[in-house]
Amino acid sequence: MNEKVTYAVVDIETTGGSVANGDRIIQFGCVLIEEDKIVQQFAVDVNPLVNIPKKIERLTGITNQLVANAPYFEDVAPTIFNLLEDCIFVAHNIQFDFKFLTEELKRCGLPSLRNKGIDTVELAQIILPTEPSFRLNDLAMAFDFTHKNPHQADSDAYVTAELFLLMKKKLKKMPLVTLEQLVGLAENCTMNTDMLFKDTLKELQNELPLLPDELVVKDGLALRKKQVVVEHNSHRIQSPYPANTEDKEILFRDQLTTRFLQNKLMDEIYNYFSHDPSEHFVIEAATGIGKTLGYLLPLSYLATPSDPVIISTYTTLLQKQLVEKDIEQLNSILPFTVQSAIVKSKQHYLHLSKFQEVLKEPHENLPDTLLKMRIVTWLTETVTGDIDELNLTNYTQPLWEKIRHRGWTDNSSKDPFFDYDFYLHAKKQIKHASIIVTNHSFLFHDFKRAESVLPTSKRIVIDEAHHLPDVATEVSSDSFSYYHNQKLIKKVGKLSDEKSFLAQLNQLSQKSETISSSQLILMEMSVLTLEDDLSDFFEAVLLYSQQELMSTENVTNQVDLQFNKTDNWTLELKKMTKKISTVLTDLVFFGKEIFKKTSSQRDKFTHLERHLVDDFFDLITVLEEQTDIFIRIFQKTKQDELTWFSFNQKNPKNSFVIKQTVIDSRSFIKKYLVEKKQDILYIGATLSIDSDFTYFENQLGESNLRKLSISTPYDYANQARLWIPKEVQPIKQLSKSQYVKMIVDYLELLALTTNENMLVLFTSNETLQDVFELLQQRPSLVGRELLAQGLSGSRDRMLKRFFNSTGGLLLGADSFWEGIDLPGKSLKIIVVTRLPFEPPERPIVKARYQWLEEQGFNPFVVDALPKAILRMKQGLGRLIRSENDKGIMIVLDDRLVKAAYGKKIVNSLPKFLLKEVVSKEDLKKKLTQFLNES
């Protein structure tokens, strides 16, 4: 008979992180679990006999007054020790709770805890592999657990217990082969977390459950079965496009509401693509129109697998949203089903045979082990193998380089997982899809390829079309990074480093007579020479940069220096570039020769050895690309190209990147898109300036666009306000520290006036970081959710935390001006810290302005101002996302009302938006009054 196991799920709240520094427990919570049921709860407040910091009070809600009459820890320690005796200790981030509690018990004269322990953070990463966040609050929300008092020990312990039971249940449903893999990997897990996997496997081995129908086992891996759905067109032929409002109402039934402006959008798009247009079409569909469904519905009646439509959007995240949310919604109302497919580069997919080989390697560190375990679980759930599903924040782990898909250098059918390969499955889906969804970057890269991945299509929709020029510039740009190239060279390595490619190829040479030791020695000599030469060269380039910066005022931490080969660019530097080019070329040549000679003996190699050779070839290919870039950068720069040096002064050498780009991307867009495609629809919410598309046309090199602007359906007169504080000082008159203080003072004023969330928009990352730092020092803001781009995790995680917070401040730049959908209560105030003009000192901006002047244009009028206007429109678009939203935009830049161009910016915003200059006192009154009005 099995002995009954008791799990003690524990959470503690403390005054800080270290018992040694005088921190103490202020609350203890514990939930006991037996036979997969919660059998007992225990919680107690503790008087710490030290002051509870304000930050902890705000976070937990536990105040000094609340614990004033509570027992001391010395009084409850024996009870806690007895409660935990013989239990398995479970906690969310066990290393903190277990260690802190042990230290406190020892302080009170009790023995150290000897319990076995399980960490639910690690369990969640393994068993719930696609969750975007493993914070307890986020997991509670994801699984609808009632979490009344986050950051209080009783509530946290109970939710952790519910989470633990949910994961135990899911673990028991896993196939035996998956559990066996997990047990083999789990020995590196924290404390005794591996015990849960071992016990579950032992239990299931006695029951021998059948493999679920939706799974298949291949070479020790349980995989979810995949199938390519073939679309039937006969249903579509019998269902004509709903051309009038009545037909659309019948189609939408009770699922969607017909909207006049959306109907207009649908009909315009259907009519455009139904005929053979002589021009391309641009539509500005303001926020709230229902743009995505507005183009998807008409396209679904026109596109077929033999004549598909390509939809390109800005990011891979928007791709996913289109397919998983918008097209799924579309199929729920259509009388037929439209098949869609996402197209991404192969590097987005897991290579199964490489992953299987990696599982055979020793498991050396915890992050890699957890990732392997996470993938083993994920393989029982995913049909795409798209690693974006894992919502990782770090794709730079060496493990990823080993298991990302890169295709094959020989016959793909020899891959043991050929029939199950994710990338090949994605390609099959593309062949049978009517709607192909890609992103702008992939689209442009695909246009440049000799063999296109995207199917031939005369129809293309460019959503978020205002991003096209920037993406085109990025795709046609090159960069050479010191750190990146040193990493590549170290991967080639030395014969003495057993993990290097050279050492592994040396071992392989004993099996393959084609690899000679002299070739490997020549490569090693090139590696050693390059390491030294690159280091010396970048030291010299840094010195050159410092000399060039001597005449520059207000040099920031982030330096972007245009490279013009001044007198400081010495003959010695020129010789160094030539030598590096030669050695890089030699290294690539030796590598390609070794690959050629090994290719003839592939049949003698194991799968692992073939992967080694393939990975080596990939590395040499990347080095060849970098060699070409280096040579091209230091040749004579073309008239429409710009080269600059970029580095951070705090870590100059490792952050040093040499960049080269085209100044004007119009010719690139024209060559690869405008002149190639027959039917193009450009669509977005911010494409015109006061219904004038001239700027958009000029950016793309279009000359004969058909144009349509559909205005906002929202009532801006009643739903929104634009305020400029009367006391705001001119930014140019302020020092950097005064400017930062001014922003923080206004944010503090607003935070003390209202408990609404605020999105704070910046044009400079450096200012953003300075403001974030100062905000953290303000006592009145302690305990609030303060989030900053680049400092508080991934964009998605920040948005989720912001959405769930009350009185949170989210500081963002760049992408945060747009593409954020936070309707309702989560966002009612946007603060614009500065009018969104591009920093004119940036090399690419400076070069573009100079180029425009040479063409006879005023850069401010034709480029700087239009860009700023569109950015302001995008920022305002974050505020009102539904008919019920109310919001205020506050601009901390007096140029909006005092500069001559301010009127042009204001006039481009929604017509009935009320704009006012308000004093600080009126700001507080009006803000409360406006947001509280029904």
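Be aware that the sequence shown starts at 11, since it is given in our numbering, and climbs by one per residue. Glycine included, each C-beta is placed from N, C-alpha and C at the ideal position.
Item: Please go through the same chain and pick out, in chain order, the residues whose beta-carbon is closer than 8 angstroms to the beta-carbon of G885, but skip the five residues on each side of it.; Value: L771, W827, E828, I840, V842, P846 and M899
Item: Using the Cα positions of A857 and K663, report the straight-line distance between them to the nearest angstrom.; Value: 25 angstroms
Item: Quick check on the DSSP output: what are the complete alpha helix (DSSP H) runs of length 4 or more inside the segment 527-615, in order along the chain?; Value: 527-559 and 581-609
Item: Could you pull the DSSP bridge partners for G897 from this structure?; Value: A730
Item: Under 9 angstroms between the Cβ atoms of F270 and L718?; Value: no
Item: Starting from Y749, follow the alpha helix (DSSP H) in both directions and report where the run begins and ends.; Value: K746 to T763
Item: Is F703 helix, strand or coil when you go by DSSP?; Value: coil
Item: Which whole-angstrom value describes the C-beta separation of G298 and L275, a residue pair presumed to lie in contact below a C-beta threshold of 8 angstroms?; Value: Actually they are not in contact, since the Cβ atoms of G298 and L275 sit about 12 angstroms apart, beyond 8 angstroms.
Item: For N978, count neighbouring Cβ atoms within 10 angstroms of its own Cβ and tell me buried if that reaches 16, exposed if not.; Value: Lying outside 11 to 944, the shown extent of the chain, residue 978 is not represented and no answer is given.
Item: According to the neighbour-count rule (16 or more other Cβ atoms, all chains shown, within 10 Å of its Cβ), is S506 buried or exposed?; Value: exposed
Item: Whole angstroms are fine: how far does the CA of Q779 sit from the CA of P798?; Value: Here residue 798 turns out to be Ala, not Pro, going by the sequence shown. So the two alpha carbons sit approximately 7 angstroms from each other.
Item: Which of the three DSSP states, helix, strand or coil, is assigned to Y324?; Value: coil
Item: Indicate the three-state DSSP secondary structure (helix, strand or coil) for G793 in the structure shown.; Value: coil
Item: Determine the direct distance from the alpha carbon of Q272 to that of E217, and round the result to whole angstroms.; Value: 57 angstroms
Item: For the beta strand (DSSP E) containing Y280, list its first residue and its last residue.; Value: Premise fails: Y280 lies in the alpha helix (DSSP H), F270 to S284, not in any beta strand (DSSP E).
Item: Specify, as a first and last residue, the run of the alpha helix (DSSP H) that K412 falls within.; Value: P408 to I413
Item: Quick one: what's got a C-beta closer than 6 angstroms to S701's C-beta in the same chain, skipping five residues either side?; Value: S719
Item: Looking only at its chain, what residues have a beta carbon closer than 7 angstroms to the beta carbon of M11, apart from the 5 residues adjacent to it on each side?; Value: Because M11 sits at a pLDDT of 41, beneath the cut-off of 50, its placement in the model cannot be relied upon, and the following sentence gives the value as read from the coordinates. If we look at M11 and ignore the five residues flanking it on each side, it has no Cβ neighbours.
Item: Do V86 and F174 come within 9 angstroms of each other at the CB atom, strictly closer than that value?; Value: no
Item: With respect to the alpha helix (DSSP H) encompassing I337, which residues constitute its N-terminal and C-terminal limits?; Value: I337 to I343
Item: Please return the same chain residues whose Cβ sits closer than 8 angstroms to the Cβ of V348, not counting the five positions on each side in sequence.; Value: E241, S310, A313, I337, L340, N341, S444 and I445
Item: In this structure, does DSSP put A87 in helix, strand or coil?; Value: helix
Item: Comparing C-alpha positions only, which one of H621, D546 and V227 sits nearest to Y430?; Value: V227
Item: Within the continuous beta strand (DSSP E) that includes T448, where are the two ends?; Value: I445 to N449
Item: Run through the DSSP bridge pairs and tell me what E256 is partnered with.; Value: Answer is none; E256 lacks a bridge partner.
Item: May I ask you to list the residues that DSSP assigns as paired with M768?; Value: L819 and I839
Item: Return the residue from the list I440, I385, W861 and K354 that minimises the CA-CA distance to D456.; Value: K354
Item: Would you give the residue range spanned by the beta strand (DSSP E) that Q1 belongs to?; Value: Because the chain is modelled from 11 through 944, residue 1 falls outside the range shown and cannot be assessed.
Item: Along the chain, where does the alpha helix (DSSP H) that runs through T653 open and close?; Value: Element bounds for T653: not the alpha helix (DSSP H) but the beta strand (DSSP E), E651 to N658.
Item: May I have the straight-line CA-CA distance separating K212 from K14, to the nearest angstrom?; Value: 15 angstroms
Item: Pick helix, strand or coil for F153, following the three-state DSSP scheme.; Value: coil
Item: Compare the C-alpha of T419 against each of L629, G119 and Y859 and name the closest.; Value: L629
Item: Would DSSP call M11 helix, strand or coil?; Value: Note that M11 has pLDDT 41, beneath the 50 cutoff, so the model's placement of it is unreliable and the number below is only indicative. Three-state DSSP puts M11 in coil, outside helix and strand.
Item: Quick check on DSSP: helix, strand or coil for K504?; Value: coil
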